[in-house]
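Here's the structure we're looking at; comments come further down.
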Amino acid sequence: MTDTQRTAGSPPPGYPDHHDAVPLYGPRYQTRPVELYREMRLEHGPVVPVMLEGDIPAWLVIGYRQLHQVLSDPKLFSRDCRRWNVWDRVPPDWPLMAFIAYQPSVLFTDGAEHERHASAIRGALSEIDQFELRFQCERIADGLIDAFVGSGEADLMTQFAQPLPVLVAAWMFGLPEEEAPDLAHDVVEAMNGSVEAYGRFAATMMRLLQTKRENPGPDIPSRMLAHPSNLTDEELTHDLIITLTAGQDAMANWIGNTLRLMLTDDRFALTLAGGRRSVGQALNEVLWEDTPGQNSLGRWATRDTELGGRYIRAGDGLVLGLAGANSDPAIRPDPHAGPGGNHAHMAFAHGEHRCPHPAPELAEVMAQAAVEVLMDRLPDVILEGRPEDLVWRPSMQMRGLMALPVSFTPAHVAGR
């Protein structure tokens, strides 16, 4: 067995191809997961037998064509996790339970019921003015930078990239500005696994719904309440939580990974001093090479089928290998050539469960504004330490840094 192969316990009956399954956890995901995906592809092909934490068997789809097939066929590959055929092996305190436990939300529905949820979200997002969004992003980015610009040093993850998306979301949700910092804290802590923080976050969303029902405004909850889909309060609460959290971690890591690229790659580092490469190019390259959403749980087969040469049973769980598909040589025969202007990556997924329009466009406005404001405010910013010493989060789902320490010339903030 190679070091990509499984060393833990045996799979349940019916998983004959999982005797050499790859553990989808461990320290290798903190360094260069792209190398691990390459090894998987060479050894197992486009559909890889894997073990999730706790030795829960699943299939990781890293072939671009096969992933496209899964995402395009919700009748065969459902989003309803209740179909999973190994629930009897999943403990109540399973670390991934928060990402997979069924809820009456946009995330776990298919077909007409999914469209009922998704149409309300699309309708609410489509009314956001992108020029106003850009202005608010710049204002919030300036405020975050004001808090540390006088010190000459900062951790751009905890002090900038992580709080910015949720503070912008608080504005889009019509939350009073004085409550935004507490929401930002609770969302970040909830994403790190805090049950208490998640409880406070959910309570804030329920309270916000009640407020907007009585006093609607130009915000996402009010628009979803008024939408003809007539979602229940329980459904609305879950969909608001998903709408906010789905963007939070991905946005924070998209900003952080882009800043890392521009601080460590000579092609982009020139931009910090007014060079040639654009922020837009860096953002697109990150979506191909270091996409924030590496893998996503999941899809469940509705009947026995074949995928990528593998026999998939009804109820089998599939992990969407978004990063693995992005590096598939079938679509990128020369990985060293760079993506250029190619936007056919899987960072926003595909099919009915892809990021709803216009979420990708709004996300790009936010990320570009954040990076450009930071570059303008800190023109001589440099990375503290060696690039190879940066520590990546130990997550098979997200690709993001634990910290991004930098230094720069301290600056005075007017009024301070």
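The sequence shown begins at 1 in the UniProt record's numbering and counts up one residue at a time.
Glycine included, every Cβ here is placed at the ideal spot set by N, Cα and C.
Keeping to the same chain, check which residues put their C-beta closer than 6 Å to that of residue i; ignore five residues upstream and five downstream.
i	result
Leu287	His345 and Ala347
Met396	Leu24, Tyr25, Tyr29 and Asn295
Val279	Gln368, Val371 and Glu372
Glu364	none
Asn85	Gly315
Gln69	none
Tyr102	Cys81, Arg82 and Phe108
Val186	At residue 186 the sequence reads Asp, which differs from the Val that was named. Hits under 6 Å: Ala197, Arg200 and Phe201.
Asp146	Val413
Arg377	Ile145
Arg299	Val70, Phe77 and Leu318
Arg354	Phe348
Leaving out the 5 sequence neighbours to the left and right, which residues in its chain are closer than 7 Å to residue i when beta-carbon positions are compared?
i	result
Ser222	Gly174, Lys212 and Pro216
His412	Gly150
Leu261	Phe268, Ala282, Glu285 and Val286
Val90	Ile56
Glu214	none
Arg190	Before going on, a small fix: residue 190 reads as Ala here, not Arg. Once the five neighbours on either side are set aside, the close Cβ partners of Ala190 are Ala197, Tyr198 and Phe201.
With 8 Å set as the bound, which would you pick, yes or no: does the beta-carbon of residue i sit closer than that to a beta-carbon of chain B?
i	result
Gly217	Note that chain B does not occur in the displayed structure, where there is just one protein chain.
Let me check understanding here. Comparing Cα to Cα, which of the options lies closest to residue i?
i	options	result
Pro379	Asp93, Pro57 and Val149	Val149
Leu240	Phe99, Leu208 and Met97	Leu208
Gln210	Thr232, Glu39 and His19	Thr232
His238	Phe99, Asp20 and Val70	Phe99
Phe408	Glu214, Ala184, Met191 and Glu153	Glu153
Met40	Val22, Pro27 and Arg32	Val22
Phe131	Met366, Glu178 and Leu390	Met366
Arg139	His114, Glu113 and Glu177	Glu177
On the DSSP bridge list, what partners appear for residue i?
i	result
Phe77	Ala301
Pro165	DSSP, once it has assigned bridges, lists no residue as partnering Pro165.
Ile56	Leu52
Met398	Gly293
Asp155	Pro405
Arg310	Leu307
Pro23	Met51
Val319	Leu60 and Leu297
Trp392	Leu401
Leu383	Val406
In chain order, what residues of the same chain lie with their CB nearer than 8 Å to the CB of residue i, ignoring the 5 residues before and after it?
i	result
Val126	For the sequence presented, residue 126 should be read as Ser rather than Val. His357 and Pro358, listed in sequence order.
Thr302	Lys75, Leu76, Phe77, Ser78, Arg83 and Ala314
Pro151	The residue you asked about is not Pro; residue 151 is Ser in the sequence shown. Result list for Ser151: Pro410, in chain order.
Ala118	Val106, Glu352 and Pro356
Glu179	Ala170 and Thr204
Taking residue i and residue j to be in contact with their CB atoms under 8 Å, please state how far apart those CB atoms are, rounded to whole angstroms.
i	j	result
Glu235	Pro104	5 Å
Ile255	Ala161	4 Å
Ser72	Gly324	About 17 Å separates the two Cβ atoms, so there is no contact after all.
Leu320	Val61	6 Å
Ile242	Leu107	5 Å
Ser229	Arg116	5 Å
Asp219	Met172	7 Å
Gly45	Gly309	6 Å
Thr264	Pro387	4 Å
Do residue j and residue i count as a contact pair if the criterion is CB distance below 8 Å?
i	j	result
Val166	Gln248	yes
Val48	Ser327	no
Leu133	Leu164	no
Leu52	Leu24	yes
Met224	Ala120	yes
Leu318	Ala141	no
Asn253	Arg399	yes
residue 418	Tyr37	One cannot answer for residue 418 here, as it falls past the ends of the chain, which runs 1 to 416.
Ala282	Thr258	yes
Leu156	Val406	yes
Val188	Cys137	no
Gly123	His227	yes
Trp392	Leu383	no
Pro292	Ala349	no
Ala403	Thr158	yes
Asp59	Ile312	Correcting the residue identity first, residue 59 is Trp in this sequence and not Asp. The answer is yes: Cβ separation under 8 Å.
Pro27	Pro394	yes
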